[in-house]
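Heads up, the thing below is written out as structure tokens.
Number of protein chains: 2
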Amino acid sequence: MTTAENATTSVEQEPSAGNGAPARAVDWDNPRVAAILAAAAKCFARKGFTATTLAEIGKELGLRKSIVHYYFASKAALIHEVQSYSYHKYLERVKDAIQSTGDSPADRSRNALQAVWESIHNNKTGLGLNIEVWSASRRDPELKRRAVVLQKDARKLVSEAVADVLGVKPDQFPALEATSTLILAVLNGLSISEYLEGDDVKAKEAYDQFLYLMRLAIKAMKPAS
Amino acid sequence: MTTAENATTSVEQEPSAGNGAPARAVDWDNPRVAAILAAAAKCFARKGFTATTLAEIGKELGLRKSIVHYYFASKAALIHEVQSYSYHKYLERVKDAIQSTGDSPADRSRNALQAVWESIHNNKTGLGLNIEVWSASRRDPELKRRAVVLQKDARKLVSEAVADVLGVKPDQFPALEATSTLILAVLNGLSISEYLEGDDVKAKEAYDQFLYLMRLAIKAMKPAS
Numbered sequence: 010m011t012t013a014e015n016a017t018t019s020v021e022q023e024p025s026a027g028n029g030a031p032a033r034a035v036d037w038d039n040p041r042v043a044a045i046l047a048a049a050a051k052c053f054a055r056k057g058f059t060a061t062t063l064a065e066i067g068k069e070l071g072l073r074k075s076i077v078h079y080y081f082a083s084k085a086a087l088i089h090e091v092q093s094y095s096y097h098k099y100l101e102r103v104k105d106a107i108q109s110t111g112d113s114p115a116d117r118s119r120n121a122l123q124a125v126w127e128s129i130h131n132n133k134t135g136l137g138l139n140i141e142v143w144s145a146s147r148r149d150p151e152l153k154r155r156a157v158v159l160q161k162d163a164r165k166l167v168s169e170a171v172a173d174v175l176g177v178k179p180d181q182f183p184a185l186e187a188t189s190t191l192i193l194a195v196l197n198g199l200s201i202s203e204y205l206e207g208d209d210v211k212a213k214e215a216y217d218q219f220l221y222l223m224r225l226a227i228k229a230m231k232p233a234s
Numbered sequence: 010m011t012t013a014e015n016a017t018t019s020v021e022q023e024p025s026a027g028n029g030a031p032a033r034a035v036d037w038d039n040p041r042v043a044a045i046l047a048a049a050a051k052c053f054a055r056k057g058f059t060a061t062t063l064a065e066i067g068k069e070l071g072l073r074k075s076i077v078h079y080y081f082a083s084k085a086a087l088i089h090e091v092q093s094y095s096y097h098k099y100l101e102r103v104k105d106a107i108q109s110t111g112d113s114p115a116d117r118s119r120n121a122l123q124a125v126w127e128s129i130h131n132n133k134t135g136l137g138l139n140i141e142v143w144s145a146s147r148r149d150p151e152l153k154r155r156a157v158v159l160q161k162d163a164r165k166l167v168s169e170a171v172a173d174v175l176g177v178k179p180d181q182f183p184a185l186e187a188t189s190t191l192i193l194a195v196l197n198g199l200s201i202s203e204y205l206e207g208d209d210v211k212a213k214e215a216y217d218q219f220l221y222l223m224r225l226a227i228k229a230m231k232p233a234s
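Here the protein sequences come in this chain order: A and B. Residue 10 is where the first sequence starts when you use our numbering, and the numbers rise one by one after that. Residue 10 is where the second sequence starts when you use our numbering, and the numbers rise one by one after that.
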């Protein structure tokens, strides 16, 4: 699945763009659009939504503010698009990481969660952006709506990976959604600890401890294997 | 331990107040100070630090802005104090919850983490404030420093509770810090899920799943019991 398909299937367009008005439909495959979105993500993560101007984002790329404005009608529109773009880019990386960790479910079980950790650990911009989204979504219902959709997407991805590792169909494992919710919570929670305390906090050790707990649970589920 | 003692042992005073200048030392036992701090916590959690004014906080209590100013020299000073105050109030409630859950370590093991969940679940203001602190601490080193101290306090509290439940001394259990970090991450992560998705997300089920994993780990540690 391409990122462009992702965008249309998982996240609805801005209402203005969705009503058959393609004038400023955001094309993630346009290199300039992608560059603006990546620069905006960095600026927002560093300084927050309020303190960042469209002019500053343009400056990062040597573009005038009017060019940024040409692609994004308002800062609000840019914020919404950055959120979807960054999250989908990130989920793509996680999917790749999971798929490249081995052929057998057993290999993947050992390595998939490890790969997910690496992707989050190396994605400081993504975390900074998330925290900004959580804070701003209180005042921006559209931002919150999109954050919820993205959260559900992530949970679906994790659920599929867990079902695959356990070798079960999703509907055969009643605790699947709770387990996926827990995994996402651990990832979110530990990345906050790292964000606040940096290397002082034993986030990696805590995650390894979680993987150990998951292995115990898998063993408890399959006493014969 | 009283909350006033907590304030001086765990969180240092503002530098200006610490240099032998007691003029505006913050006294949490003063009912008016406590009322201002509680009202400020509510306003900040609802609207964020930037959008909230000292006048609005005063208005919540029918006080003029000048009265709020008399106790807190600046909004920054109030933000820092609110953060410490709310967190310590919260930790006190958690401590009470843990202690009142039973006499034997086994009783406490069953109920302590459940009590902690209830305290977080019912503390929407605390979560809103946390998210605001995480976001603002990027731009406010003093806020971040305090957030780190409070995070360490919480981890220490969780570590003591875990050691107590397992019936070990903290230095006998090398994975103690990692386990406490994991527990805090689960609580932070799940409260974010609830904050975003409300009752749609199976946060309680996910937490129960975590408690099940912890029970498996305790069983694996003590095969004889």
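Glycine residues also receive a C-beta, built at the ideal position from the N, C-alpha and C atoms. Computed from a prediction, not measured in an experiment: that's the story for all the values here.
Using 8 Å as the limit for Cβ to Cβ distance, is residue i near chain D?
i             : result
S93 (chain B) : Chain labels in this structure do not include chain D; the protein chains are A and B.
Compare the C-beta of residue i with all C-beta atoms of chain A and state if any pair is closer than 8 Å.
i              : result
N197 (chain B) : yes
W143 (chain B) : yes
K211 (chain B) : yes
I88 (chain B)  : no
G57 (chain B)  : yes
I201 (chain B) : yes
Y204 (chain B) : yes
Q160 (chain B) : yes
L193 (chain B) : yes
S25 (chain B)  : Only weak support exists for where S25 (chain B) lies, its pLDDT of 43 falling under 50; the value from the coordinates is given anyway. Output row for S25 (chain B): interface = no.
I66 (chain B)  : no
R102 (chain B) : no
A229 (chain B) : yes
I140 (chain B) : yes
With 8 Å set as the bound, which would you pick, yes or no: does the beta-carbon of residue i sit closer than that to a beta-carbon of chain B?
i              : result
R155 (chain A) : no
S168 (chain A) : no
E236 (chain A) : Residue coverage of chain A in this structure runs from 10 to 234, which leaves residue 236 (chain A) outside it and unanswerable.
R148 (chain A) : yes
Whole-angstrom Cβ separation of residue i and residue j, contact assumed at under 8 Å?
i              : j              : result
L175 (chain A) : F53 (chain A)  : Going by Cβ atoms, the distance from L175 (chain A) to F53 (chain A) rounds to 37 Å, so no, they are not a contact pair.
A156 (chain B) : L205 (chain A) : 6 Å
V125 (chain B) : Q92 (chain B)  : Not quite, the Cβ-Cβ distance comes to about 20 Å (not below 8 Å), so this is no contact.
A50 (chain B)  : S83 (chain B)  : That pair is no contact at about 17 Å.
R147 (chain A) : G207 (chain B) : About 13 Å; that fails the 8 Å criterion.
V35 (chain A)  : E90 (chain A)  : 5 Å
Q218 (chain B) : L185 (chain A) : Not really, about 10 Å apart at Cβ, beyond 8 Å.
One question on the structure: do residue i and residue j come within less than 8 Å of each other, judged by their Cβ atoms?
i              : j              : result
R222 (chain A) : L196 (chain B) : Contrary to the premise, residue 222 (chain A) reads as Leu rather than Arg in this sequence. Contact: no.
I88 (chain A)  : L152 (chain A) : yes
A194 (chain B) : A187 (chain A) : no
A163 (chain B) : S128 (chain B) : no
L166 (chain B) : L100 (chain B) : yes
I66 (chain A)  : S144 (chain B) : no
T62 (chain A)  : T59 (chain B)  : no
P179 (chain A) : A172 (chain A) : yes
A64 (chain B)  : K74 (chain B)  : yes
Handout entry: Interface positions of the stretch 214 to 226 of chain A facing chain B (Cβ-Cβ less than 8 Å), listed along the chain
Key = E214, A215, Y216, D217, Q218, F219, Y221, L222, M223, L225, A226
Practice task
For the stretch 180 to 200 of chain B and the stretch 201 to 208 of chain A, state whether three or more C-beta atom pairs, one from each stretch, are separated by less than 8 Å.
Solution key: yes
Handout entry: contact_flag[the stretch 63 to 74 of chain A, the stretch 44 to 51 of chain A] where n(CB pairs < 8 Å) is 3 or more
Key = yes
Handout entry: Residues of the stretch 167 to 191 of chain A whose Cβ lies closer than 9 Å to any Cβ of chain B, in chain order
Key = A184, E186, A187, T188, S189, T190, L191
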